[in-house]
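The listed protein sequences derive, respectively, from chains Z and H. To convert, note that position 30 of the first sequence is 30 in the numbering used here; the numbers rise steadily by one, no gaps. To convert, note that position 175 of the second sequence is 455 in the numbering used here; the numbers rise steadily by one, no gaps. Where is the CB? At the ideal position from N, CA and C, for every residue including glycine.
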Amino acid sequence: MSQKKFRLKGWSKYVVLTAALVIAIAPVYWMLSISLKTEVDQFAVPPRWIAFAPTLAHYYDAFFARSFGRYLVTSLTVATLSTICAVTLGTLAAYGLARFKLRAGLDRRLSMWILSTRMFPPIVTAVPLFLMMRDLRLLNTITALVIVYTALNLPFVVWMMRGFFRELPKELEEAAMVDGDSRLGALRRVILPLVTPGLAATAVFCLIVSWNEFLLGLVLTQTDASMTLPVGIAGRVTQYEIKWGVMSAAGVVAMIPILVFAMAVQKYLVRGLSLGAVKG
Amino acid sequence: MPYLLIAPTIAVLLALSIYPLFYAIKVSFQTGTGDAVRWSVANFARLASDGFFLSALAHTFIYAAIALTFEFLLGLWLAVLLDRPLRGRTLFRSALLIPMMLPPVVVGVVWRLMLNADFGAVNGTLKGAGVNTEALTWTASPLLAFASVIAVDIWQWTPFMFLVLLAGLQAIPQEPYEAALIDGSSAWQTFRHVTVPLLKPAILIALLLRTMDLMRVFDQIFILTEGGPGFSTETVSLYIYRTAFRFADFGYAAAMSFVLLLLTNIVSFGYIRLLQKQEAA
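Structure, rendered in structure tokens:
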């Protein structure tokens with residue numbers, strides 16, 4: 001390969017990558033800019049990408065004058081509570097499945113079964129969950145969302161944490177138990193500190209899933225007091241098309257925590273997204 | 281002891297994943313409401329002759345096939361470009377992942393703003409470049425709307441393919457490449473005979489996971505077009521949603537759910553088999 005050809009290749013590489021970068025970012029930046037523009041600037045043709053006088057009026061409008069502040073609080077509550085529940089239950093189960101040989105290969109079978117429950121399309125469980133929650137009089141409650149999101153995240157937690165536990169040698173707990181620790185004492189004092197990074201990443205993934213979830217939220221909550229941010233945004237988008245600033249401001253606020261979280265778990269992203277099938 | 285640790289998780293999943301499934305089976309064999317409930321297979325019989333259902337099924341498959349092809353090829357291309365050390369690699373990698381991380385509802389909002397026929401950035405930019413955009417109504421005309429929702433899917437999920445394939449590429453050791461170099465293979469031959477076979481597990485995982493998600497696609501389409509105009513972008517998930525929560529026909533919705541579940545099961549079965557193979561290794 002000649003030197004010249006090589007250089008040309010390097011160039012074209014950057015052209016392609018920069019184009020991909022612009023395509024990936026520009027639409028998001030456009031929403032951000034709309035949320036900061038006065039209506040005059042929003043509807044300017046050709047579009048004003050950079051030169052406009054920024055205003056925070058739409059944020060005030062969305063989160064104080066309208067109900068988006070309320071949806072935001074609901075989203076935060078639901079995401080936090082369901083993550084705590086899923087991580088606690090799931091980690092214990094994962095430890096049990098990673099460290100004990102059950103009869104008849106039950107540990108492996110249970111793991112696979114737990115995984116398979118995650119494969120259900122959400123719309124399949126949406127119909128029965130709606131009917132169940134209706135019978136239990138839990139429609140339009142935060143409780144219903146916390147319960148459902150906990151179940152949604154559990155298989156994921158089990159699989160992730162099981163993987164992390166299996167990477168640690170068994171001798172660690174055995175040594176601690178010889179020193180007089182109980183099994184749970186060894187788990188708490190020796191093992192958990194070692195899996196903390198993995199545990200934190202798993203929790204962040206749960207937060208992302210609960211925060212982004214839309215379909216089940218849409219089905220289970222219809223009132224201002226119980227909807228999450230995505231459900232609230234969706235309702236408004238279809239109601240008043242023209243309030244672009246409000247819509248964008250809500251969209252930006254819904255997006256920011258996710259981007260922060262995603263950066264925090266970059267290292268585990270591949271593993272998390274493929275449920276441990278690809279170790280990135 | 282292990283049973284005590286596992287039991288709560290099993291209980292939650294039984295109550296919220298397995299029980300609903302049986303509940304749905306029961307509902308799918310019922311027609312009518314209240315005291316007029318009757319047991320029958322009418323819901324399933326109706327599936328085969330329901331034009332809306334069949335077209336929703338067709339939409340879902342076409343949507344999935346096109347989106348999957350583009351996402352895979354583009355993702356692979358980007359992954360290969362970023363496999364070797366390169367200045368600004370971390371920046372490119374992180375920035376390319378942004379679309380995938382966004383809440384799907386936000387993706388819907390973003391693209392509603394971009395594709396608005398009068399004031400959207402896409403048509404605005406085209407107009408600025410002197411293109412006549414009168415015919416480009418995006419989400420308002422059936423064919424363009426279908427193309428638009430697919431394009432948005434590709435925009436959002438190519439990063440996923442890219443990420444998984446890049447991880448797969450990075451896990452390939454140097455030696456096979458050195459051997460290929462000594463054999464005098466061309467770049468294409470090396471890619472074809474070294475990279476692709478070694479990348480196969482990552483490729484399969486990425487394809488299976490994306491296929492599962494594509495078959496259940498709901499969120500962005502709901503925000504962008506609500507299945508319209510007409511029924512032109514209605515997928516199975518949207519049709520089930522409409523049947524259950526607009527027309528309150530839960531039995532028929534449950535029956536359709538089972539068809540969807542069956543179809544995704546075939547794909548997820550493949551995925552689980554792959555995982556099992558890997559666990560055994």
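From this set, Z:Y29, Z:L32, Z:V22, Z:V278, which residue's C-alpha is nearest M441 (chain H)'s C-alpha? When C-alpha distances from M441 (chain H) are compared across Z:Y29, Z:L32, Z:V22, Z:V278, the shortest belongs to Z:V278.
Please classify I342 (chain H): is it buried, with 16 or more other beta-carbons within 10 angstroms of its beta-carbon, or exposed? Under a 10 Å Cβ-count criterion, I342 (chain H) is classified as exposed, with fewer than 16 other Cβ atoms of the shown protein chains found around its own Cβ.
Give the secondary structure of W49 (chain Z) by DSSP, where H, G and I count as helix, E and B as strand, and everything else as coil. DSSP places W49 (chain Z) in coil when its eight states are reduced to three.
Are the C-beta atoms of I430 (chain H) and some chain Z residue less than 8 Å apart? It does not: the Cβ of I430 (chain H) has no partner Cβ on chain Z nearer than 8 Å.
Quick one: give me the first and last residue of the alpha helix (DSSP H) that N323 (chain H) is part of. For N323 (chain H), the enclosing alpha helix (DSSP H) begins and ends at 322-329.
The stretch 253-280 of chain Z: which residues have C-beta closer than 9 Å to a C-beta of chain H, in chain order? From the stretch 253-280 of chain Z, only A254, M255, I258, L259, F261, A262, M263, Q266, L269, V270, R271, L273, S274, L275, G276, A277, V278, K279, G280 have a Cβ closer than 9 Å to chain H.
Where Q436 (chain H) falls: helix, strand or coil (DSSP): Of the three classes helix, strand and coil, the one that applies to Q436 (chain H) here is helix, per DSSP.
Cβ-Cβ distance between S82 (chain Z) and L229 (chain Z) below 8 Å: No, Cβ-Cβ distance for S82 (chain Z) and L229 (chain Z) is not below 8 Å.
Would you list, in chain order, the members of the stretch 201-222 of chain Z that have their beta-carbon closer than 9 Å to a beta-carbon of chain H? Within the stretch 201-222 of chain Z, the residues whose Cβ lies closer than 9 Å to any Cβ of chain H are, in chain order, I208, W211, N212, E213, F214, L215, L218, V219.
Spatial distance of V16 (chain Z) from I23 (chain Z) (CA atoms): Those two C-alpha atoms are separated by around 11 Å.
Would you kindly check if the distance between the Cβ of I378 (chain H) and the Cβ of E50 (chain Z) is under 8 Å? Just to set this straight, residue 50 (chain Z) is Ile in the shown sequence, not Glu. Between I50 (chain Z) and I378 (chain H), the C-beta gap is not smaller than 8 Å, which leaves the two residues out of contact.
Minimum C-alpha distance to T505 (chain H) - residue among H:N396, H:L356, H:T313: The residue with the shortest Cα to Cα distance from T505 (chain H) is H:N396.
Cutting at 7 Å between CB atoms, please list the residues of its own chain near D224 (chain Z), excluding the five before and the five after it. Apart from sequence neighbours up to five positions away, the residues of its chain that approach D224 (chain Z) with a beta-carbon distance below 7 Å are S67, R70, ordered along the chain.
If you measure from the beta carbon of L154 (chain Z) to each beta carbon in chain H, is any gap under 8 Å? So, interface residue.
Quick one: Cα of I256 (chain Z) to Cα of A249 (chain Z), how far? In a straight line, the C-alpha of I256 (chain Z) is about 11 Å away from that of A249 (chain Z).
Alpha carbon to alpha carbon, how far is T221 (chain Z) from V124 (chain Z)? Rounded to whole angstroms, T221 (chain Z) to V124 (chain Z) spans 17 Å at the Cα level.
Looking only at C-alpha atoms, which of H:Q450, H:N545, H:T475, H:A451 sits nearest to A460 (chain H)? Checked all of H:Q450, H:N545, H:T475, H:A451; the closest Cα to A460 (chain H) is H:T475.
Please name the residue, chosen from H:L423, H:L479, H:T470, that lies closest to Q450 (chain H) on a Cα-to-Cα basis. Answer by Cα proximity: H:L479.
Can you name the residues of chain H whose CB is closer than 7 Å to the CB of T38 (chain Z)? Against T38 (chain Z), chain H offers no close residue; the least beta-carbon distance is about 14 Å (beta-carbon pairs closer than 7 Å).
Taking 8 Å as the threshold, find out whether the stretch 301-310 of chain H comes into contact with the stretch 522-537 of chain H through three or more Cβ pairs. Touching, per the Cβ criterion.
State the beta-bridge partners of Q310 (chain H) as determined by DSSP. Residue pairing from DSSP places Q310 (chain H) in a beta bridge opposite H:W319.
Cβ contact (3+ pairs, closer than 8 Å) linking the stretch 506-517 of chain H and the stretch 378-389 of chain H: Result no; under three Cβ-Cβ pairs closer than 8 Å.
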